[in-house]
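Have a look at the structure below before the remarks.
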Amino acid sequence: ILDGRVKTLHPRVHAALLARRDLQEHMTQCKELDIELIDMVVVNLYPFERTIEVEGVTLDEAVEQIDIGGPTMLRSAAKNFKAVAVVTSPEQYGLVIEQLKKYGGGVDLKTRLELARAVFRLTSRYDKCIAQYLEELEIG
Numbered sequence: 012i013l014d015g016r017v018k019t020l021h022p023r024v025h026a027a028l029l030a031r032r033d034l035q036e037h038m039t040q041c042k043e044l045d046i047e048l049i050d051m052v053v054v055n056l057y058p059f060e061r062t063i064e065v066e067g068v069t070l071d072e073a074v075e076q077i078d079i080g081g082p083t084m085l086r087s088a089a090k091n092f093k094a095v096a097v098v099t100s101p102e103q104y105g106l107v108i109e110q111l112k113k114y115g116g117g118v119d120l121k122t123r124l125e126l127a128r129a130v131f132r133l134t135s136r137y138d139k140c141i142a143q144y145l146e147e148l149e150i151g
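Right, here's the structure in full:
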């Protein structure tokens with residue numbers, strides 16, 4: 012939709028991420044709505060910071076590298092870290108693969124919490140970079 016601007020912002024996706032596995036009401040609603048739960052999210056954000064470092068980058072080029080759906084999915088998954096593992100960087104892949112092997116396809120709660128912390132650090136930095144770019148932008 013809209014040349015790729017809208018991809019992942021859908022209630023079914025976020026319900027699959029945010030459903031609390033310990034609440035029967037959530038599980039019943041997901042079953043009634045035929046929503047399959049998501050246990051892991053792997054998202055690499057659009058490279059906004061790298062894009063704006065390129066000499067001569069235009070405003071339109073920069074704006075197209077502002078990721079909307081990625082941070083939203085990351086935040087939804089991180090909010091539900093008790094049930095969902097969320098991976099934000101290739102540097103985390105080894106740890107997660109090791110956990111998946113060790114726990115038969117799962118990731119332990121301690122690791123899920125650390126991954127969730129990484130999400131909020133990342134999205135905070137990402138938004139700060141965008142805000143700073145827009146603050147320094149001069150038009151007209």
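Using my numbering, the letters of the sequence shown map in sequence onto residues 12 to 151.
Where is the CB? At the ideal position from N, CA and C, for every residue including glycine.
Cβ-based neighbour list, residue 57, same chain, cut-off 6 Å, excluding 5 preceding and 5 following: Indexing the sequence shown from 1 puts residue 57 at position 46. For residue 57, where only same-chain residues beyond five positions count, the Cβ hits under 6 Å are 76, 78.
Touching by the beta-carbon criterion (3+ pairs, under 8 Å), the segment 113–122 and the segment 60–76: no
Best match in 46, 132, 63, 86 for proximity to residue 143 [C-alpha to C-alpha]: Mapped onto the sequence shown, residue 143 falls at position 132. For residue 143, the nearest C-alpha among the options comes from 63.
Alpha-carbon to alpha-carbon, residue 108 and residue 136: Residue mapping note: residue 136 aligns to position 125 of the sequence shown, counting from 1. Residue mapping note: residue 108 aligns to position 97 of the sequence shown, counting from 1. Taking the straight line from one Cα to the other gives about 26 Å.
Buried/exposed call for residue 20, threshold 16 Cβ in 10 Å: Here the question's residue 20 lines up with position 9 in the sequence shown. When all chains shown are included, residue 20 counts as exposed.
DSSP three-state assignment for residue 94, whether helix, strand or coil: Against the sequence shown, residue 94 aligns to sequence position 83. DSSP places residue 94 in coil when its eight states are reduced to three.
Reduced DSSP secondary structure (H/G/I, E/B, other) of residue 118: Counting from 1 along the sequence shown, the entry for residue 118 is found at position 107. In this structure, residue 118 counts as coil in the three-state DSSP scheme.
Cβ neighbour criterion (16 or more within 10 Å) applied to residue 97: On the sequence shown, position 86 is the one that residue 97 refers to. Label assigned to residue 97: buried.
Three-state class that DSSP yields for residue 53 in the structure shown: Position 42 of the sequence shown, counted from the first residue, corresponds to residue 53. The answer is strand: DSSP assigns residue 53 an E or B state.
Proximity to residue 29 [Cα-Cα], best of 68, 66, 55, 90: By one-based count along the sequence shown, residue 29 stands at place 18. Measuring from the Cα of residue 29, the nearest candidate turns out to be 90.
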